[in-house]
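Numbering-wise, my numbering comes out as the position in the sequence shown, counting from 1, plus 97. Just so it is clear, CB atoms sit at the ideal spot from N, CA and C, and this is done for glycine as well. In this text, all values refer to a predicted model and were calculated from it rather than measured experimentally.
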Amino acid sequence: MPSLTRSEATERAALITVTSMEVDLDLTGGDRDDHEEFGSRTTIRFTCNQPGATTFLDLRPAALESLVLNGSELDPASLRDGRVELADLAAENEVTVVATMRYSRDGQGLHRAVDPADGQHYVYGHLFLDAAPTVFACFDQPDLKAPYAVTVTAPEHWTVVGNGAAMSTAPGRWELAHTRPLATYFVTVCAGPWASVRSEHDGIPLGIHARASLREPLERQAEQMLEVTRASFDYYHRLFGIRYPFGEYHQVFVPEFNAGAMENPGCVTFRDTYVFRGAAARDEVLTRTNTIAHEMAHMWFGDLVTMRWWDDLWLNESFAEYMAHRTTVDATEFTEGWVDSTVARKMWGYAAERTPSTHPVAGGAALDAQAALQDFDGISYAKGAATLRQLIAHIGDHAFIAGVSAYLREHAYGNGTLADFLGFMERASGTDLGEWSKAWLLTAGLDVIAADQESGVVTREAPAAFPADRPHTLDVAGFTAGAEVFRVEATLTGPSAEVAALREAPRAELVVPNASDLTWATVALDPSTLQAVPQGLATLPDPQARAVVWAALVDGVCLGRVDPRVVVDTFGRAWPQEDNESVLNRVAGVLLGRLVPSFLPAEEEAGARAVVAQAAAELLDASEPGSTRALLGARVLARSSADEATLRPWAERSGLPAGLERDSDFRWLVVRNLAGHGLVDRDFIERVRRDDDTLSGRLGELTARAALPGEAKSWAWEQLTANRERSNYELNALAGGFWAGDDLETLRGFVPRYFADVPAMAQWVGADALGRVATLAYPSRVVEPATADASAEALAGDGLTPAVRRSVVDADSELREALRSRALFG
Ligand SMILES: [Zn+2]
């Protein structure tokens, strides 16, 4: 299927205006009961400003039954490559399409999932980025917005939720309120026997929904989510001065969802792992809170005003990312939200800047819609948000908010571009932003910031590949013996600045540039600070500065500046004393997920795991039983320990830490680790699954079976790369377990198979889902030149789809960082 090109979109938007969309879906399965297909009937009214002209409709059905344009039947055989030509248009047109569509299993389109806990079926629409034509006929581009009238026929015991308030008009028949103008990719219908919690705030009806088998945790956790929703509505109403415009506000936690969430106006979909069925760490509740606030920010930025074309998706994502952190900090209990942003988001973005796929925040080409999918990454989210924070430092918060508010009013229910946005910022601030936006938005790259206290000089080094003159506003803090001894502000408008206050401040043992994490930069710690870090990090009284130091250490390892052993050593000493849970969780994740298995020589890996396990045991022992700190300690111990005497009883549900006695997710962590070491077998794993025969339990089983060494790998690989019935989540579970464990001998044999088998999956797995699978399944566990050579060979050929290519480029770049580090530090 060809992807819509930017020039086709421009041409079509210049020719037609869509005035209304009527969509009728039949989810009852008709006379088929295999639930593979659904009925779709669409009527589109649109005007054409050049009568007689020709355009095309987007449509990707299983079968096209009829096609009527302005009263004349068109031949269904005219459908080619997902398009139907509409010729000889009138000034006012009506096209009606009746088709049978296919449900998806990869989270793209109208996805259907079965919950093994009770056999119930669920359906949700995820039409981002260009899946709308797999659900209804449309002109699928972000600037052809139209009001929608959606009706649905569903099994009688189902509830239907969508963009407009849903009303049941007869058993199994639902009418959704006509919407405000929506872009095609925002349209959704979520249908199934949902468990629901309803409320209201400030005149806005609220609903929270999840699978029926999640009713208990949903009801237990709904109030916290509603509280965040209410606080965020109040905050945005005050900030933007514009009321939420889309009627009811539903948040639906749906099964097998690829992303974190999707901002469908009035009906946001979330991954349902956000409804925590077991114990939840504070960090996880913070992440969910942040995601709720993020999607709500989109109601204004993204939904009310949408980017004209995908090249400006940063307008949506950078803004929502920035606003979510700001709202989390200003309007909820999670006042440590910026610390979380450093370790959870900016470290992700810094990694994205180090790979060859890095790109400017804005102004990318995005020549077609699928190409834009590549830009949903750490640059568009984390760097974009950091850039907006620098913009605020540059022009002031008052001007920023005034500019945003004016932009939203001017383009309400329409579209905007980078130039529109900057114009409002310039008018509101009276500042010319030409140079600023060129350096920050239109040039890729990450500056290195360093501070020398002796001379008082703060330096900025731009990457050679992306020279730019980025101005930075930041601070530098110094710490000695557990106390902050100075904090000075610095503004860099050139490559270096002399900061007298830095030179004149009392000498500090640890000097932390960008201590408040105001800017976007790699921090290079000076040699004496680096030496003091393992012993001194835990004594820093400021969690934000500690997070910046952790980011500097991880960046330093990836860039070959810091020996990974320094980070392991620091972890052993500082981590058990850390009191910020985002830092605890994310830093442990980076060590276990990347630094230990990739950067250390194989013979040192077990020792490093033991350091991590020891730190985790210390945290668990020192924390109040049942507390979320104890939970984090227990989870890291379950992942890192090689001690069968600790793990086996836990897998058998005995001697578990307080609060985890009935926690199936925790049990799967333990079983997966045991499986990787070959300490349990397939029968044992099946027995654990029978105790937890749910969606999560079945995924846990797949991950653990994939982690088993030896013969089991062949089964797992076959299931991953050749079983076309597998859902997106099942593929992720298999890929996530496959490279676990230490059976490198067997794993090595699968390196060439990755490059042969995973790209071929593009025949049946959608790009968004496959990109994730390709990243998880990449052989980064086999840190050997032969793996890099195999990557290079695959990248030199033309057998990779854009999504798989992107995953390989990034994973290959990370592999090379590890190889370089091993060569440098042994
Ligand atoms: Zn978003």
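{"Asked": "Own chain partners of S918 with C-beta closer than 7 Å, once the 5 adjacent residues on each side are dropped", "Found": "V654, G657, P661, F696"}
{"Asked": "Classification of L921 by the beta-carbon crowding that lies within 10 angstroms, buried from 16 upward", "Found": "exposed"}
{"Asked": "Q318, DSSP secondary structure in three states", "Found": "helix"}
{"Asked": "Nearest to A809 (by Cα), restricted to the options E827, R823, T843, N820", "Found": "T843"}
{"Asked": "Cβ-heavy atom distance, A417 to ligand 1, below 7 Å", "Found": "yes"}
{"Asked": "Integer Cβ distance of V555 from A594, believed to fall under 8 Å", "Found": "5 Å"}
{"Asked": "6 Å Cβ shell around L515 - same chain, five flanking residues per side excluded", "Found": "D409, A459"}
{"Asked": "Beta strand (DSSP E) runs wholly inside the stretch 157-207, at least 3 long, in chain order", "Found": "160-166, 180-183, 189-199"}
{"Asked": "Residue ranges of each alpha helix (DSSP H) within the stretch 730-761, 4 or longer", "Found": "741-748"}
{"Asked": "Sequence-distant residues of the same chain with beta carbon closer than 7 Å to T116, five excluded per side", "Found": "R142, F143, T144, A243"}
{"Asked": "Closest residue to A307 among Q217, H275, L766 (Cα-Cα distance)", "Found": "Q217"}
{"Asked": "CB of A288 within 8 Å of CB of V220, strictly", "Found": "yes"}
{"Asked": "Alpha carbon of P213 to alpha carbon of E360, nearest angstrom", "Found": "28 Å"}
{"Asked": "Burial state of T590 (16 or more Cβ within 10 Å)", "Found": "exposed"}
{"Asked": "Alpha-carbon spacing of E911 relative to P342, whole angstroms", "Found": "43 Å"}
{"Asked": "Pairwise C-alpha distance: Y510 and R941", "Found": "There is no way to answer for residue 941, as the model of the chain reaches only from 98 to 923."}
{"Asked": "Those residues which DSSP pairs with V585 across a bridge", "Found": "V573"}
{"Asked": "Y926 - DSSP class collapsed to helix/strand/coil", "Found": "Within the shown structure, residues of the chain are numbered from 98 to 923, placing residue 926 beyond reach of any answer."}
{"Asked": "H395 Cβ short of 7 Å to ligand 1 heavy atom set", "Found": "yes"}
{"Asked": "Residues of its chain near R670, where Cβ-Cβ distance is below 6 Å and the 5 sequence neighbours each way are ignored", "Found": "P631"}
{"Asked": "Residue from G686, V501, P876, A813 whose Cα sits closest to the Cα of R335", "Found": "V501"}
{"Asked": "heavy atom of ligand 1 below 7 Å from H298 C-beta", "Found": "no"}
{"Asked": "Sub-8 Å separation of A735 and N770 beta-carbons", "Found": "yes"}
{"Asked": "Collapsed DSSP secondary structure at M444 in the structure displayed", "Found": "helix"}
{"Asked": "Distance CB(V372)-CB(Q318) smaller than 8 Å", "Found": "yes"}
{"Asked": "Minimum C-alpha distance to D623 - residue among V646, A466, Y245, T800", "Found": "V646"}
{"Asked": "Residues of its chain near R902, where Cβ-Cβ distance is below 6 Å and the 5 sequence neighbours each way are ignored", "Found": "none"}
{"Asked": "Inter-residue spacing [alpha-carbon to alpha-carbon] between P603 and V582", "Found": "7 Å"}
{"Asked": "Short Cβ contact (8 Å threshold) for L176 with L161", "Found": "yes"}
{"Asked": "Residue closest to V257, alpha-carbon to alpha-carbon, out of T276, W291, Q711, A561", "Found": "W291"}
{"Asked": "Local Cβ density within 10 Å of T151, reported as buried at 16 or more and exposed below that", "Found": "exposed"}
{"Asked": "First and last residue of the uninterrupted beta strand (DSSP E) at A267", "Found": "263-267"}
{"Asked": "Under 8 Å between C-beta atoms of A469 and W407", "Found": "yes"}
{"Asked": "Inter-residue CB distance, T484 and W537 (contact presumed, cutoff 8 Å)", "Found": "5 Å"}
{"Asked": "Cα-Cα separation, A908 to R869", "Found": "11 Å"}
{"Asked": "Where the beta strand (DSSP E) through Y219 begins and ends", "Found": "217-223"}
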